[in-house]
Structure formats: C-alpha cells, structure tokens
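Position 332, counted from 1, in the sequence shown is what the working numbering calls 590; the numbers after and before it change by one each time, with no gaps.
Cβ atoms here follow ideal geometry from the backbone N, Cα and C, with glycine treated the same way.
Since the model is a prediction, treat every value here as computed from it, not as a measurement.
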Amino acid sequence: MKERGRGSCCGLFDGRRCRRGQKEKKSEHEQKHEHDERRRAPRLLRGPNHSGAQLLLLERTMARNASHAGTWYTENARELGDELDRWLRAAGSAKRSNARAVIAPSRVFLLGPSHHHFTRKCALSTTSVYKTPLGDLPIDLEDVAFLEKKPVPLYLESVYQELKATGRFEDMEISVDEAEHSMEMHLPYIAKVFQGCSVKVVPILVGALQPDSEAAYGRLLAKYIDDPSNFFSVSSDFCHWGSRFNYTYYEKKHGPIYKSIEALDQNGMSIIETGDPRAFRDYMQEYDNTICGQHPIGVFLNMLEHCNTRLQIKFLQYEQSSHCKSMRDSSVSYASAVATVAAS
259 MKERGRGSCC
269 GLFDGRRCRR
279 GQKEKKSEHE
289 QKHEHDERRR
299 APRLLRGPNH
309 SGAQLLLLER
319 TMARNASHAG
329 TWYTENAREL
339 GDELDRWLRA
349 AGSAKRSNAR
359 AVIAPSRVFL
369 LGPSHHHFTR
379 KCALSTTSVY
389 KTPLGDLPID
399 LEDVAFLEKK
409 PVPLYLESVY
419 QELKATGRFE
429 DMEISVDEAE
439 HSMEMHLPYI
449 AKVFQGCSVK
459 VVPILVGALQ
469 PDSEAAYGRL
479 LAKYIDDPSN
489 FFSVSSDFCH
499 WGSRFNYTYY
509 EKKHGPIYKS
519 IEALDQNGMS
529 IIETGDPRAF
539 RDYMQEYDNT
549 ICGQHPIGVF
559 LNMLEHCNTR
569 LQIKFLQYEQ
579 SSHCKSMRDS
589 SVSYASAVAT
599 VAAS
C-alpha cells in the first residue's frame, strides 16, 4: 500500500509563493501534501440551467485505488476478466425458462471486517469511487446542489447521506480504506457481474462491535433489505487454524485436525442458516472460532430479524486452504452462502 502524505498545514498550497522573483521549489513533503489535498478536494461542476438559474454540483473526487491488485489478485484487466469468466461458469447459474422480467439491483452494500484499524463503530469511506482493474465503481454519495441565485443547498438523496445523518458512523480515512482488503476482494466480482450497468456501492467497514451495537446497526440497515434495488455482499473467511493464528481448537472425535475444523465451521454455518443472531453470538462465545467477519455477519443477521422481507440463508460451498494433520500445520477456511427471498 502506498502511504499518502499528510501535511500539518491547514490550507491548500497554491504554488504561487515566490522569493526574489523566483518561484520557490516545493519540498517533497509539500508536493505529497498538495497531491493528497487535490485527491480529497471537492470539485465544483457547472450543470445545465434549472428554472432559469445555473445549477452547480459539488462533488467529492477522491478515489480509492485498487491497492491489492497485483499482489492478492492480478492487476491485468484481461487476465482478471478471463479468470472471473472461468470461475463464474464453473459456479453455474439457475436457469429459468419461464422468466419474463428481472429486477436488478442498482446499489450494492458491502459489509466488511476491519483487519488493521480498531473501532467500536462502523465507518464510511471518504472517497467518491472505488477503482478496480475492470472499471470504477462509484460510491452512493451525498450530492449537494446549489442554485446560483439561491445559496440554500439542495440535497440529492443518497444512502451515505442518510447513514451519516444518524451520527453512528465514523469517517474511514483513505489510508485505512486502502489498507483493508475485505471489501476490495469483492469488487472485481461486482464490476464483472454488473458490467454495462449503472450500479453504485455502499462500503461499510464494520468494527469490533458489542452485541448491542450489532443489533443497533442491524435495525438501522434493515429497511434497505426491503428495497429490491439494493443488494448486499458480506465479506468473511471462516476458521483461521494454527499456531500462527493463535487458534488450535481440536476435537479428536472427528478424526484428523482438518475434519475437526470442518465440523467446527459447519456448526457455525448451520447456525447462520437459522438467521438467529443470538444463537450465532452464543456459538462464537463458546468456541471463539476465528471467523474474521463475525461482526458483519452479526449485523446482517440482525438486519434479517428486523426487516419486513423474509430471507433464507443457504451455504453453497466450503473449502480449506490446506488439510491440517499436525499441530505444526495451518489453514484458512472459506465458505459461500446466498440469502434469497423465502417462498410465501
């Protein structure tokens, strides 16, 4: 991850300071600071006339780079597209010969755990767009419109505006945003699946929440599930097993270590499928399974409990990075699930 300069001066450096008629050369620190401030500075766009007055749109222009491209996955757009095509074909899709219409989401909520930044709250990105090798994904931001003859701003409704107005969300600095991989790993899939469509993302970094906070965020976000134009993507791995993860829970009755890990994960997956946030919390307290997305999952389960739409969760696939057979081994478990509208 590239570190961004964070100067201590409070204003923008305008590049017009002179000494004895000569332009003063900017220091490396000033250049970095100016570059960073330009990334975060609002941009005023002049739009079409509206009721005889000129409309000005204030827009944030800072972008989150695909900071893990080239290391965690390929940064080559063609190679990445080919890989995703191959994986999506292998996953298959449910065919509906009698389908006559489709409701497609225009907004994707991302719930991801925080691996590097500690917070007891949830955080919202301070950028305006998430970059991917397959194209940019704009964030559903607050747009502020001003009429030239009327200084009163007109707020164009957005999800980020609504969420920030609750006072329960922190701002996520770009350094934190770009260091975090949990939501970025979902972005290439979203960019690929929604290619050619107008879709915005709502990234929410979920901190180390207490049970009451998980419930509170679940209640707050529940209404968005009832809107069919919204889609949710929850990021989580499952058991991180081994001494390097400081977790070596093992029940010999299941046989080899990897079978014990699978039984542990499957137990948690079965509980998640019930949609009961309290049962999942009890499971985590009993086994302390190293599920990195336990808090995003907890928030999502609380959302299901408080929304009007009845959803059913079903796990589709489970894998382990390797099969542990001795206490010297280590592995990470991966599981995928889908939540669908239950048949009435």
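Around Ser364, the same chain offers Val457, Ser487 as residues with beta carbons nearer than 6 angstroms, after the five sequence neighbours per side are excluded. Secondary-structure assignment with DSSP links Asn488 through a beta bridge to Arg365.
Counting along the chain, Pro469 sits inside the alpha helix (DSSP H) bounded by residues 469–483. If you draw a 10 Å sphere on the C-beta of Thr424, you find fewer than 16 other C-beta atoms in it, and that means exposed. The alpha-carbon separation between Asp485 and Gly339 amounts to approximately 30 angstroms. For the pair Tyr541 and Tyr507, the CB atoms are not nearer than the 8 angstroms cut-off. Contact annotation: the segment 574–588 touches the segment 510–519, with at least three C-beta pairs closer than 8 angstroms.
If you check the CB distance, Glu472 and Asn566 do not come in under 8 angstroms. Around the beta carbon of Gly500, 16 or more other beta carbons lie within 10 angstroms, which makes this residue buried.
For Ser602, the closest alpha carbon among the candidates Arg378, Arg568, Arg322 is that of Arg568. Between Lys379 and Arg426, the C-beta spacing is below 8 angstroms. Taking 8 angstroms as the cut-off, the beta carbon of Ala466 is found no closer than this to the beta carbon of Thr385. Cβ neighbours of Asn525 within its own chain (closer than 6 angstroms, five residues either side excluded): none. In this structure, DSSP gives Arg426 a state outside helix and strand, which the three-state scheme calls coil.
In the structure shown, Val457 adopts coil according to DSSP, grouped into three states. Residue state for Thr598 is assigned as strand, using DSSP reduced to three classes. With the rule of 3 Cβ pairs closer than 8 angstroms, the segment 525–539 does not count as touching the segment 431–449. Between Ile519 and Cys497 the beta-carbon gap is near 5 angstroms, inside 8 angstroms, which marks them as a contact. For the 8 angstroms CB-CB criterion, Tyr418 and Leu382 form a contact. The alpha helix (DSSP H) runs of length 4 or more contained entirely in the segment 499–537 are, from start to end of the chain, 515–532.
Phe558 is a Cβ neighbour of Val492, given a cutoff of 8 angstroms. Boundaries of the alpha helix (DSSP H) harbouring Tyr447: 445–451, taken from the DSSP string.
Collapsing the DSSP output to three states places Phe573 in a strand.
Distance between Ile432 and Asn323, taken at the CA atoms: about 9 angstroms. 8 angstroms or more divides the Cβ of Gly328 from the Cβ of Ser440. Cβ atoms of Ser589 and Gln578 come within 8 angstroms of each other, at about 5 angstroms.
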